[in-house]
Amino acid sequence: MDVRTQMRSAAAYNARREAVAAGDRRLTFAEAWERGIRLANGLLALGLKPQDRVGVLEDNTLESSDLFLGAAIANLVRVPLYPRNARDSHLHMLAHTGCRAVVVSERYSDEIAALRGDLPDLQHLLVRDSGYEAWLARQSSVDPDPPIDPEDYFIIRHTGGTTGKSKGVAYTHRAWLAAGRDWFYLYPPVEPGDSCLHLAPISHGSGYLFTPIWLAGGRNVMAEKFDPATLPDLMLKERTAYMFMVPTILNAINRIPGIEQRKFPHLKCMMVSAAPISDETAQKAHEIFGDAMYQGYGQTEVLPIAMMGPRQWFAKDVPGSQPLRACGMPLPFAELRIWDEDNKPVPPGEVGEIVAKTDGQMKGFWNDPKATAERIVDGWVKTGDIGRLDANGYLYMLDRADDMVISGGFNIYPAELENVIAAHPDVVEVAVFGIPDERWGETPCAVVCVRPAAAVTEKELIDLCAEQLGNYKRPGKIVLRAEALPKTPVGKIKRKELREPFWSGRKRRVAGN
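The sequence shown begins at 0 in numbering that gives the first Met the number 0 and counts up one residue at a time.
Written out as structure tokens, the structure is:
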């Protein structure tokens, strides 16, 4: 099967139903599919060929569905760019994938136009300005129907790293459909008319939900920006059933004044993924949204790997497990293991690297066979995440391997400290990382964003960590601040950006003792 054929069938079955919404603008499946066909023909008329790469830079808008559908219809490979990225990131993503065209919202058009001189492969820049609708209407509405092999590439998504150049993760049509199936395998079933509210960019994690919602006859509702003040009313207006979000967004939702008194009768699934979540954030959300809370684990290279619904996540008495600290349980269509440094499986309960196989994993890194060989070993994708799997099947993601702090010979995972600190009522968000220490080599440092007029002190938080985790894991330094912590384009806190000043003038970002 390929994405185009399955989406085309769904468009026919649900032709009169509402498919895409943004503000007061609405498209039925028939209307959205016709726009996709017209854009596909417009791109092919420019001379693009099936499997050519097309970049796209946009926010979540009604027009976002045009290329999501149009690229699949024309068998072009979509390369999403991230609006919050800098010039060099855009340049790298377009250059190494050899994009021949870019579709860009008018507000970002100058950014891409300024890159053309450095992109010899880029031949066409399609700007969604005031002339876009007229241009689209002039294109043919006859389905071009190019042949598509399930092993053709569908999308190249880039890793969300905060240092170095991101890698292009290439998905085939078959893998994209499998990933969508697995995302929704444990969710409450999607019924025709159910809506998915895309708060996060469909260029990233929320985009995994677009295709499954479409295939089931649901509505994809685009939010151009996340506005906490209007979100509750928007969820009620759009009868929101499904949402995807990172913990930082969920934390902000939890803090909306009066959110505890609101009811959301249509909500079936609020999926939290992409980063570790604190106990406090999870429990607060469960109080507000009840049994709609789901958590999943995976990464751009291989997903989804593990998931759990509210009964598993918030279970009170599971001997041998700490469900609230887990990130999921292995999915039925995923293989999951914990490996040691020699790529050998370890027994349940022991710590090692999380490795996985799924039908929805990447085919490889785009034009990077060396990196692909390092990450895919005998078909297993090495995640680079440190974790453990207990005897009951709960998976615990302790931290990224390269974020681990080694202090006095002890391994300390920042996520453990972040979880304890985030539970303090004066704390809004926190990031922990290693900094140099004369005695221990490294020591954990926490940068903490606190509420206005907060009374919490550095000593109080250090003592809290020592009490709950032991003296050797307590932070050597805590920085309290009122400013929000810096984040990646998809809402992950930039630990490395916060860490860098503490390592200024040193050649290595590790220290010996």
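C-beta: ideal position from N, C-alpha, C; glycine also.
What you are looking at is a predicted structure, and each value in this text was computed from that prediction instead of being measured.
{"Item": "Identity of the residue in Thr357, Glu279, Asn410 nearest Glu417 by Cα", "Value": "Glu279"}
{"Item": "Nearest candidate by alpha-carbon position, reference Gly54, set His89, Ala273, Lys166", "Value": "His89"}
{"Item": "8 Å contact criterion, which Ala414 and Pro275 should meet: CB distance rounded", "Value": "5 Å"}
{"Item": "Residues near Ala94 in its chain [Cβ-Cβ closer than 7 Å; skip 5 each side]", "Value": "Leu118"}
{"Item": "Through-space distance from Leu233 to Gln282, alpha-carbon basis", "Value": "23 Å"}
{"Item": "Length at least 3, wholly inside the region 141-190: the beta strand (DSSP E) runs in chain order", "Value": "152-157, 167-171"}
{"Item": "Residue(s) in a DSSP beta bridge with Tyr296", "Value": "Ala305"}
{"Item": "Counterpart residues of Tyr241 in DSSP-defined beta bridges", "Value": "Cys195, Cys268"}
{"Item": "Residues bridged to Glu334 (per DSSP)", "Value": "Lys356"}
{"Item": "Residue interval of the alpha helix (DSSP H) (run including Trp213)", "Value": "206-214"}
{"Item": "Neighbourhood of Arg15 by C-beta, 8 Å cutoff - its chain only, sequence neighbours within 5 removed", "Value": "Thr27, Phe28, Ala29"}
{"Item": "Beta-carbon proximity of Met244 to Val301, cut-off 8 Å", "Value": "no"}
{"Item": "Contact set for Asp137: own chain, Cβ-Cβ below 6 Å, skip 5 residues either direction", "Value": "Position check: residue 137 holds Arg in this sequence, whereas Asp was assumed. No residues qualify anywhere along the chain."}
{"Item": "CA nearest to the CA of Leu124, picked from Ser108, Asp402, Gly130, Arg261", "Value": "Ser108"}
{"Item": "Asp377 to Asn342 span [Cα, whole Å]", "Value": "10 Å"}
{"Item": "Proximity to Pro149 [Cα-Cα], best of His157, Ala174, Val168", "Value": "Ala174"}
{"Item": "Secondary structure of Tyr395, DSSP reduced to three states", "Value": "strand"}
{"Item": "According to DSSP, residues forming a beta bridge with Lys533", "Value": "This structure cannot settle anything about residue 533, because the visible part of the chain is limited to 0 through 512."}
{"Item": "Spatial neighbours of Thr162 in its chain, beta-carbon cut-off 6 Å, leaving aside the 5 residues before and after", "Value": "Low confidence applies to Thr162: its pLDDT is 41, below 50, so where it sits in the model is not reliable, and the reading given next is rough at best. Excluding sequence neighbours, Thr162 sits near Lys495."}
{"Item": "Own chain, CB closer than 6 Å to Gly160, minus 5 neighbours either side, in chain order", "Value": "Note that Gly160 scores 45 on pLDDT, short of 50, meaning its location in the model is unreliable; the coordinates nonetheless yield the value given after this. Contacts found: none."}
{"Item": "As assigned by DSSP and simplified to three states, the class of Asp401", "Value": "helix"}
{"Item": "Other residues of its chain near Asn391: CB distance less than 7 Å, five sequence neighbours each side excluded", "Value": "Val317, Gly319, Ser320"}
{"Item": "Ala372 (DSSP reduced to helix, strand or coil)", "Value": "helix"}
{"Item": "Element boundaries [beta strand (DSSP E), containing Met234]", "Value": "Taken as a continuous stretch (DSSP letters only), Met234 belongs to no beta strand (DSSP E), being part of the alpha helix (DSSP H) at 230-236."}
{"Item": "Option nearest Lys491 by Cα separation, candidates Pro246, Tyr184, His157", "Value": "Pro246"}
{"Item": "Rounded separation between Asp339 and Ile258 - CA only", "Value": "44 Å"}
{"Item": "Buried/exposed call for Glu437, threshold 16 Cβ in 10 Å", "Value": "exposed"}
{"Item": "Cross-strand partners of Pro79 (DSSP beta bridge)", "Value": "Val55"}
{"Item": "Candidates Lys166, Arg473, Pro474: closest to Asp367 by CA position", "Value": "Lys166"}
{"Item": "Span separating the alpha-carbon of Pro49 from that of Thr239", "Value": "36 Å"}
{"Item": "Closest Cα partner of Trp502 within the set Ile385, Cys444, Ala372", "Value": "Cys444"}
{"Item": "Residue from Cys195, His197, Thr96 with nearest C-alpha to Val78", "Value": "Thr96"}
{"Item": "Arg24 to Ala31 span [Cα, whole Å]", "Value": "12 Å"}
{"Item": "Neighbourhood of Pro227 by C-beta, 6 Å cutoff - its chain only, sequence neighbours within 5 removed", "Value": "Ala251, Ile255"}
{"Item": "Val509, DSSP secondary structure in three states", "Value": "Model confidence at Val509 stands at a pLDDT of 44, short of 50, so the residue's coordinates are unreliable; what they give is reported in the following sentence. In this structure, Val509 counts as coil in the three-state DSSP scheme."}
{"Item": "Local Cβ density within 10 Å of Met0, reported as buried at 16 or more and exposed below that", "Value": "exposed"}
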